[in-house]
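Inspection log for the structure reproduced underneath, given as structure tokens.
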Amino acid sequence: MSFALKVINISKSFPGVLANDKINIEIPSGTIHAIVGENGAGKSTLMKIIYGMISPDSGKISVSEKEKKFSSPKDAIKAGIGMVHQHFMLADNLTVLENVILGIENATLRNINKKKFKNEILEISDKYGMPLNPNTTIDELGVGEKQRVEIIKVLYRGAKILILDEPTAVLVPQEVNELFENLNNLKNQGVTIIFISHKLDEVIEIADGISVMRGGKHVGTVDAKTVSKSELAEMMIGKSLPKIPKRTSLPTNEICLEVSSLSGEKLDSKEPFKDINFILNKGEILGIAGVEGNGQRELTESILGIYPLSQGTITVDGINIDNMATRQRRSLGINFIPEDRQTQGLVMDNSLIENAMLGRQNKDMYKTKFKSVNFKNSRKFSNKIIDQYDVRTPNSSTLALALSGGNQQKFVVGRELEDNPSLLVASQPTRGIDIGAQSLIWEELREARDAGLGVLLISADLEELLGLSDRLLVMYEGKIVKELLPEDATPELLGAYMTGLK
Amino acid sequence: MNKLFSFIKKRYLIIVPILLLIFVAQIERYSELTSSGTFGAALRLSIPICLAGVGAIYSERCGIVNIGLEGMMVMGTWFGAWAGWFYGPWYGLLAGLLGGALFGLIHAIGTITFQVDHIVSGVAINILAAGVARFLSVVAYADVPAGGATQSPRVDERIDKISIPYLSGGKINQSETADVFRSLEELDLFLISDLFGLLGGLTRNISYFSILAVLLVPISFWILWSTNFGLQLRSVGEYPVGSESVGVNVYLMKYIGVTISGAFAGLAGAYLVIESAGIYREGQTGGRGFIGLAAMIFGNWKPLGTFLGSSLFGYADSLQLRSEESVHGLLIIIVSVLFIVGIRSMINKNLRTGLISLIFSGLFLFWFLNSSTIPNEFVFFTPHITTLIVLSFASQRLRMPKFIGRAYKKGELT
């Protein structure tokens, strides 16, 4: 067996962490090899080393049995290694063609031979069965198509080894199937694929071999055909996978939130959402599924009074809040976990104490006798969150930016859940965080629901939606296209509604 | 015919005012609106703005806001005048270019290497340039009788001018030829004399410097949209992380872009000295750098659009210089544009904009009918007002580079 890529004794440490500890992985040519591990397990560091973005402290890399030393991605590309990053490396305002050929030739003042490049690109897209139009600009494309452009871009540079970093994170199930088809196609043409993921089902489906990483170490490599999901999970986190248990209590019949014929004001001459009607009861989690950009964000923001409405009414606990400002709404107990914790949820340059009273700073408990800010109560509250939500931080005076993503998110969730909300709007509550923090947040959300809180849950993670929700709504192009119970739904079915296929 | 119709339908907002302009120009007292003299002056007045604006494209397309154009232009005027006086006009041109490029480089070092906020750095450049120009004048012209702290001696020589033989009266072997364009213009026929006024103005007595400046517009378009250098430069302003991931030298591209924009601004400054005034005077640029930036925005960050934007300004400027009476005729054009925009907004159910436009249209009409001249202060202000009005209508369909104005740190590849 010949090996496309060998990683020999690679170590890399950053201040305070050993990100890679003597990693040895061999990848046979012409296979799809998955590398799995939790966030922070060292997968990304390893991939950056292989792609020449960072250099290792010690160890060697060999490509096709020849030892190589990379000082920049350029060297890696020359050696036939290409990478499709999780965040697409595409310039929106440039055409597909321009993006693909960018950087191939030196920056000279010679005319670009567009015709030649176009034919070459079309040839590759034909060969691997990935259709695309070289003359469209990137911002006209969907996520799946953008990914295709990225893959073509890498192939065009003559890559024989393709690294895909969490390629399915941004795709809906149908697009995932299409991607897998493409990948199998590539494999049959002799391309070696390294597939980074933490979604075990997918990895077992697509990969030939699977290497597991944990805490910067290579735990082992297994054959995808024989391994089971629970075995993988145990290797990955050292214990068995957290499960979402079924609920025991039932939703009440008391209405928590009612919206009727809600439409948002036009944005770019299009209404982001239109004629939305639903009721959320107390003690219920109502999930909203949808591909991002189909109006969910504007809908949640309009409930908070951030995004303007063109028509419709919102009632919370029987009180009409249409004419209330955001501050009044929040003082009613409408709490909000925003989708982006770093720009909307926290002030990154402020301490946790200050962040703890964010959004509730007008409450009497945060005022002293002389109407100045009462930091004592805020400190008490932030300490409570830190204890109860296992936020790992030296103390509550630490700046928010010093925390890891998972801990930031736990802090935000704690803040929004722990001051007696009457309604919680949770937007992507566990996006981009590790399994440990995720299961804790799920647990807390469930407990709050069982205690009678109404939760509106917006998520791109279908597993999360199916596991947590008592009822599901699917949004597509600003409208609710389907209401269904999680028992009747599968990820494939949801995906079909989300993309407008059904 | 169908094609023509759809073209008119798509461009009515431009075509209708132009037709109106020609109609109005038929009236004797407004005849300067389309005379060859007006167009010739318009060209000369718009070139500095156009140069600054096209230069700004290089900078903005690679992601750096260049509000320091004005300062770079000041450097262009100073060095242009100094070298022009000392060595001759062509050296002045070169020195102005280099002076602007130097200050462009300073802006690049500030914004790229030291990650200073682009606006802060740009404002600093403007202040610095004013100070440096004054300082250099004091040092360089201390013993020169005609010069001083605020002005340079005259640049005596000029760059040669040409006209096209037979068409606009150029010379062949030192002998005069016919001037067909002028004869046609003087026929006083509707549309024909206006058209040949335009052609004559643009081809008669044009200096090599002007020709060079106008040629820089298509050349810049070719560089930015058809070469690898241009592609890399534009990609850097859109998504530098992606550019870096494919081996583009992001810092180098940004440095080159900003320095080129400085060189263009410097060239614009040199043009003001060598072609227009013949002398460096403090405050000579008069905000043309900023107007260049506005012209670039009007042109949607593209060279040809920028050229059109600056022509508009140059036209208004030349009108107010040549004939105060004619400016009054412009009122009817403002009325019509506002009217069209108002009606269009009403149809698109954008009631507020529509109503405001219609009201203002009515007000301007009232003013037009009840006056025969415009107060002097307003005449002087015409070009600025025109720019303002046009920009506020143009700003809806603009697409600026995505990563503009943000600091980029190398190796932040995630």
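Those protein sequences? They're chains H and Y, same order as listed. Residue 66 is where the first sequence starts when you use this note's numbering, and the numbers rise one by one after that. Residue -13 is where the second sequence starts when you use this note's numbering, and the numbers rise one by one after that. Every residue, glycine too, gets a C-beta built ideally from N, C-alpha and C.
Inset, instruction - Out of Y:Arg308, Y:Leu307 and Y:Thr372, point me to the one whose CA is closest to Leu317 (chain Y)'s CA. - result: Of Y:Arg308, Y:Leu307 and Y:Thr372, the residue nearest in Cα terms is Y:Thr372.
Legend entry - Rounded straight-line distance, which links the Cα of Ile379 (chain H) to that of Met422 (chain H): 26 Å
Legend entry - Spatially closest choice to Ile148 (chain Y) from Y:Val51, Y:Leu175 and Y:Ile192, by CA coordinates: Y:Ile192
Inset, instruction - Determine the contact status of Ile1 (chain Y) and Gly300 (chain Y), defining contact as a CB-CB distance below 8 Å. - result: no
Inset, instruction - Specify the secondary structure class of Arg536 (chain H) as computed by DSSP and reduced to three states. - result: In this structure, Arg536 (chain H) counts as strand in the three-state DSSP scheme.
Inset, instruction - Check the Cβ-Cβ distances between Pro387 (chain Y) and every residue of chain H, and say whether any is below 8 Å. - result: yes
Legend entry - Counted within 10 angstroms of its Cβ, other Cβ atoms place Ile259 (chain H) as buried (16 or more) or exposed: buried
Legend entry - DSSP three-state assignment for Ile177 (chain H), whether helix, strand or coil: For Ile177 (chain H), the secondary structure class from DSSP, reduced to helix, strand or coil, is coil.
Inset, instruction - Starting from Met154 (chain H), find everything on chain Y with Cβ-Cβ shorter than 9 Å and list it in chain order. - result: Tyr225, Val227, Gly228, Ser229, Glu230, Ser231, Val232 and Leu399
Legend entry - Backbone CA spacing between Glu643 (chain H) and Leu537 (chain H) [nearest angstrom]: The question about residue 643 (chain H) has no answer, for chain H in this structure spans 66 to 567.
Inset, instruction - Identify every residue that forms a DSSP beta bridge with Ser76 (chain H). - result: Looking at the DSSP assignment, Ser76 (chain H) forms a beta bridge with H:Ser123.
Inset, instruction - With DSSP as the reference, label Asp414 (chain H) as helix, strand or coil. - result: coil
Legend entry - Per-residue DSSP class, three states only, for Thr339 (chain Y): helix
Inset, instruction - Kindly give me the distance between the Cβ atoms of Gly565 (chain H) and Glu542 (chain H), rounded to whole angstroms, as I take these residues to be in contact under 8 Å. - result: At roughly 7 Å, the Cβ-Cβ gap stays under 8 Å, so Gly565 (chain H) and Glu542 (chain H) are in contact.
Inset, instruction - Could you tell me if Glu163 (chain H) is buried or exposed, where buried requires 16 or more neighbouring beta carbons within 10 angstroms of its beta carbon? - result: buried
Legend entry - Reduced DSSP category for Ser94 (chain H) - H, G, I as helix; E, B as strand; rest coil: Coil.
Inset, instruction - Answer with yes or no whether the minimum CB distance from Arg220 (chain Y) to chain H is below 8 Å. - result: Yes, its Cβ sits closer than 8 Å to a Cβ of chain H.
Inset, instruction - Pull up the CB-CB distance for Gly370 (chain H) and Ala390 (chain H), whole angstroms please, since I reckon it's below 8 Å. - result: 6 Å
Legend entry - Distance, Arg496 (chain H) Cα to Asp526 (chain H) Cα: Roughly 8 Å separates the two Cα atoms.
Inset, instruction - Using three-state DSSP, classify Arg30 (chain Y) as helix, strand or coil. - result: helix
Inset, instruction - Please confirm if Leu201 (chain Y) has its CB atom under 8 Å from at least one CB of chain H. - result: Answer no: the Cβ-Cβ gap between Leu201 (chain Y) and chain H never drops below 8 Å.
Inset, instruction - Would you list, in chain order, the members of the segment 402 to 417 of chain H that have their beta-carbon closer than 7 Å to a beta-carbon of chain Y? - result: Shown here is that no member of the segment 402 to 417 of chain H has a Cβ falling below 7 Å from a Cβ of chain Y.
Legend entry - Range covered by the alpha helix (DSSP H) that runs through Glu548 (chain H): Per DSSP, Glu548 (chain H) belongs to no alpha helix (DSSP H); it is in the beta strand (DSSP E), Lys544 to Leu549.
Legend entry - Pair within 8 Å by beta-carbon distance, His283 (chain H) and Glu103 (chain H): no
Inset, instruction - Measure the alpha-carbon distance for Val365 (chain Y) versus Leu305 (chain Y) and round it to whole angstroms. - result: 9 Å
Legend entry - Within-8 Å CB hit, Ile177 (chain H) to chain C: Any reference to chain C falls outside this structure, whose protein chains are H and Y.
Legend entry - Three-state secondary structure assigned by DSSP to Pro151 (chain Y): strand
Legend entry - Boundaries (first-last residue) of the beta strand (DSSP E) holding Leu327 (chain H): Ile320 to Gly329
Legend entry - Cβ separation of Trp68 (chain Y) and Ser138 (chain Y), assumed to be a contact under 8 Å, to the nearest whole Å: 6 Å
Inset, instruction - Decide if Tyr562 (chain H) is buried, meaning its Cβ has at least 16 other Cβ atoms within 10 Å, or exposed. - result: buried
Legend entry - DSSP three-state assignment for His150 (chain H), whether helix, strand or coil: Correct three-state label for His150 (chain H): coil.
Inset, instruction - For Pro138 (chain H), decide whether its Cβ has a neighbour in chain Y, counting only Cβ atoms nearer than 8 Å. - result: yes
Inset, instruction - Could you list which residues in chain H have their beta carbon closer than 8 Å to that of Ile95 (chain Y), in chain order? - result: Result: empty, since nearest Cβ-Cβ is about 20 Å, beyond 8 Å.
Inset, instruction - Could you tell me the distance, in whole angstroms, from the CA atom of Asp484 (chain H) to the CA atom of Thr463 (chain H)? - result: 22 Å
Legend entry - Leu327 (chain H) vs Val381 (chain H) beta-carbon contact at 8 Å: no
Legend entry - Cβ contact (3+ pairs, closer than 8 Å) linking the segment 187 to 200 of chain H and the segment 222 to 230 of chain H: no
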